[in-house]
Amino acid sequence: MSSWRGGKDAGGEPSVDAQLEDLFTKLSQAVEQGSHKRALKCADDVLKISPGDADAIRCRVTALIELQRFADCAATIEKDVADDALRRDIAFERAYALYKCGKVDESLRILQTETSQDERESTRAMQLEAQLMHRAGRHGEAATIYETLFRDRADDVVGSPNTAVNLAAALVAAGRGSDVAAALKRLKISPKDSFELAFNFACALLETGNLADAADYLTLAKNQGAETLMDEDLDEEAIADELVPIDAQRARVAEMLGRKEEAAEGYRAAMAIKSTDAATQAIAANNLAALVGPRGEGGADAMRQTQRFCDKDGKLNDALVGKLTEAQRRVLVINRAKALLHSNHLDRCRDALGTLRKLPGAEGAREAAMLEAALFMRERKPEKAVKLLTDLIASGANGNGGAVRDARLALAQIHASAGDYAAAIEALKGVKELEGTAAGAATLVALHELAGDASGADAVLDGSGAAGGAGAAPEVALRAAERKLARGAASEARAIFESVMNDNAADDDEKLAARAGVALAKAESGDVAGAEADAAALFERVAAAAGGATDA
């Protein structure tokens, strides 16, 4: 028979009540001292004596969260809590633990259906719901919740820099990058307050096309981040891991500015870090594969990686779920199909075409058509590829000019490879982007020459402005002058060569080639002395450039 509380039973052992009182005293001390391991042990000891004790379970759940043992926390609530009132009371903790375990859908369901009304309306629940929406790809809803928090719960969140960072990230992910600056201004928060905020602000600037300022803020974020993380005593490897999203985004800005070598090197460097950030690794590999192709440095490895990012149905792997925008997912799906083609997995590539056609917008259907044409070529069925591309061009690709352009370029390549240069020329005639460009003129001239159509080549050069010299690209003007010279029109050739010599757009090699052309034109027209003088001057220029000297 038990004695009074705090006493001993008939056998001399402390009573259950006495044991519990002692354990709760130790548990309270552990909690107050922030000793979570000790608190967990004390809570477990209580539960051995008094299974289902609500206070002990609450302490156990809190300790597990503090120790970042989120799976154990979720399991404890799921298996050990039978009381409905207690389950509802700690439903938020369960939702949070599941969120940290990456179980976004289950966490969101519990948060929205099993917590009390008061809990659902709490600041912490709204913050968690916003994070879950963001992870689930529902970025617009996440941004709306953050805006509501700053509007209605300003006292609770203004002092939290992470909430401002999350607001900016949600706005960017929702395609509302243009709203970020105004949102931060309303909150009287500077994008320079933290490296995370500077990074998200740079992403917003990038979305709005402000590349120069985006580059500046990325540099600021990199420098601030390195300094902040060093102050937190992180080692170099951990710092590099934390900052790799900034490195990948800087490479993206370089690519958009046309600095392709710098961009490729940046993507390769980001991939070399072997970061724990799966989303950044995926984006860097994807961008590198698209930039350099399978034959560029690191391109083959990047393409192999893209095949693992999602399945044939476009479902992202577990490490990427909730971490990419819908636009980023679409690009991954498209590049996975391209990677399968380049690695000669033709059947798997064909399986992926259906998924591409189902992607929102016209991009997926366009890429599917182009890939199917490429598959036909790999399968040695050029007639099917030609028909597919011809039909796509005739249909106008539902008003998608880019699709028609790409189809014409692919069709021209197929015809040229087959030796049908006239058909290749015809395909290129409809590509407006080539009109007036040096590359377009050079390609058409070469095709006309291969087809034995000298007058057609001359017509292209005349149409490019090369015949008159002024205004034509230097390389095109040189080509026109060479053709004039070969056909005996020395004076016309000389005029074009001289225009290149005086063209500020021409580089040193082009100007030397033009000077040599002037000498040849003079010789052809009978001005031997002039030709010899020009040749001597040209020799002196070449020798000087090579670091040598002419004989006295």
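Using the UniProt record's numbering, you'd call the opening residue of the sequence shown number 1 and step up by one each time. Think of the CB as a built atom: it goes at the ideal place given N, C-alpha and C, for glycine as much as any other residue.
Under the rule that 16 or more other beta-carbon atoms within 10 Å means buried, what is I49, buried or exposed?
-> Burial state of I49 is exposed, judged by a 10 Å Cβ sphere holding fewer than 16 other Cβ atoms.
So what does DSSP say about A552, is it helix, strand or coil?
-> With a pLDDT of 41 at A552, under the threshold of 50, the predicted position of this residue should be treated as unreliable, though the coordinate-derived value follows. For A552, the three-state secondary structure derived from DSSP is coil.
Burial state of P51, where buried means 16 or more other Cβ atoms lie within 10 Å = It counts as exposed.
Whether A459 touches E449 by CB criterion (7 Å) | No, the pair does not count as a contact, with Cβ atoms beyond the cut-off.
Secondary structure at P14, three-state DSSP: helix, strand or coil?
-> P14: strand per DSSP, three-state reduction.
Count the other CB atoms within 10 Å of the CB of K522; is the residue buried (16 or more) or exposed (fewer)?
-> Classification for K522: buried.
Element boundaries [alpha helix (DSSP H), containing G140] = Boundaries of the alpha helix (DSSP H) around G140: 139–152.
Does DSSP put L341 in a helix, a strand or coil?
-> Helix.
What alpha helix (DSSP H) runs, 4 residues minimum, are completely inside the region 149–205?
-> Fully enclosed alpha helix (DSSP H) runs of 4 or longer: 154–157, 161–173, 180–186.
Counting along the chain, where does the alpha helix (DSSP H) carrying L257 start and finish?
-> Segment: none, L257 is in no alpha helix (DSSP H) and carries neither H nor E.
With a CB to CB cut of under 7 Å and the five nearest residues on each side skipped, what residues in its chain are close to A39?
-> Result list for A39: L27, A30, V31, C59, A63, in chain order.
Considering L478, what are the terminal residues of the alpha helix (DSSP H) in which it resides?
-> Taken as a continuous stretch (DSSP letters only), the alpha helix (DSSP H) holding L478 covers 474–486.
Given a cut-off of 7 Å, decide if V165 and E196 are closer than it, judged by their beta-carbon atoms.
-> Contact: yes.
Whole-Å CB distance - Y146 paired with T123, under 8 Å assumed = Wrong, their Cβ atoms sit about 11 Å apart, outside the cutoff.
For M303, count neighbouring Cβ atoms within 10 angstroms of its own Cβ and tell me buried if that reaches 16, exposed if not.
-> It is buried - the Cβ of M303 has at least 16 other Cβ atoms within 10 Å.
Residue environment, P191, which counts as buried when at least 16 other CB atoms sit within 10 Å = With 16 or more other Cβ atoms inside 10 Å of its own Cβ, P191 counts as buried.
Three-state secondary structure assigned by DSSP to C59 = C59 carries a helical assignment under DSSP once its states are collapsed to helix, strand and coil.
If you check the beta carbons only, do V104 and L132 fall under 7 Å apart?
-> In this structure, L132 lies closer than 7 Å to V104 by Cβ.
Report yes if the CB atom of R408 is closer than 7 Å to the CB atom of G430, and no otherwise.
-> For the 7 Å CB-CB criterion, R408 and G430 form a contact.
Residue interval of the alpha helix (DSSP H) (run including R51) = According to the sequence shown, residue 51 is Pro rather than Arg. It is not in any alpha helix (DSSP H) - P51 carries neither H nor E in the DSSP assignment.
What's the gap between the Cα of A142 and the Cα of D179?
-> Approximately 14 Å between the Cα atoms of the pair.
Whole runs of the alpha helix (DSSP H) within the region 348–391, excluding any shorter than 4 residues | Listed in chain order, the complete alpha helix (DSSP H) runs (minimum 4 residues) inside the region 348–391 are 363–378.
Can you check whether the CB of T115 is closer than 7 Å to the CB of A91?
-> Yes; because the gap between Cβ atoms is below 7 Å, this pair is in contact.
What's the gap between the Cα of I57 and the Cα of A43?
-> Going by the C-alpha atoms only, they are around 7 Å apart.
Distance between beta carbons of A513 and I496, contact taken as under 8 Å | Contact doesn't hold; Cβ gap of about 12 Å is too wide.
With 16 other CB atoms within 10 Å as the buried threshold, where does A240 fall?
-> The residue is buried, with at least 16 neighbouring Cβ atoms inside 10 Å.
Mind checking whether E23 and D45 have CB atoms under 7 Å apart?
-> Checking the sequence shown, residue 23 turns out to be Leu, not Glu. One thing to note: L23 has its Cβ within 7 Å of the Cβ of D45.
Which residues in the same chain as T144 place their Cβ atom closer than 8 Å to its Cβ, once the five residues preceding and following it in sequence are excluded?
-> Taking T144 as the centre and dropping the five residues before and after it, the same chain places no C-beta closer than 8 Å to its C-beta.
Sequence-distant residues of its chain with Cβ nearer than 7 Å to A289 (five each side left out) | Same-chain partners within the cutoff: G299, A302, M303, T306, N335, A339.
On the three-state DSSP scale, how would you describe L461?
-> The DSSP-derived three-state label of L461 is helix.
Go to A521, then tell me how far its alpha helix (DSSP H) extends in each direction, as first and last residue.
-> Its alpha helix (DSSP H) spans residues 508–524.
Answer with buried or exposed for E367, where buried requires no fewer than 16 other C-beta atoms within 10 angstroms of its C-beta.
-> Around the Cβ of E367, a 10 Å sphere holds 16 or more other Cβ atoms; the residue is buried.
Who are the near neighbours of L20 in its chain, counting only those whose CB is closer than 7 Å to its CB and skipping five residues on each side?
-> So the list reads V46, I49, S50, once near-sequence residues are dropped.
In this structure, does DSSP put L234 in helix, strand or coil?
-> In the structure shown, L234 sits in coil (DSSP, three-state: anything other than H, G, I, E or B).
For L324, which three-state DSSP category applies?
-> Under the three-state reduction of DSSP, L324 is assigned to coil, being neither helix nor strand.
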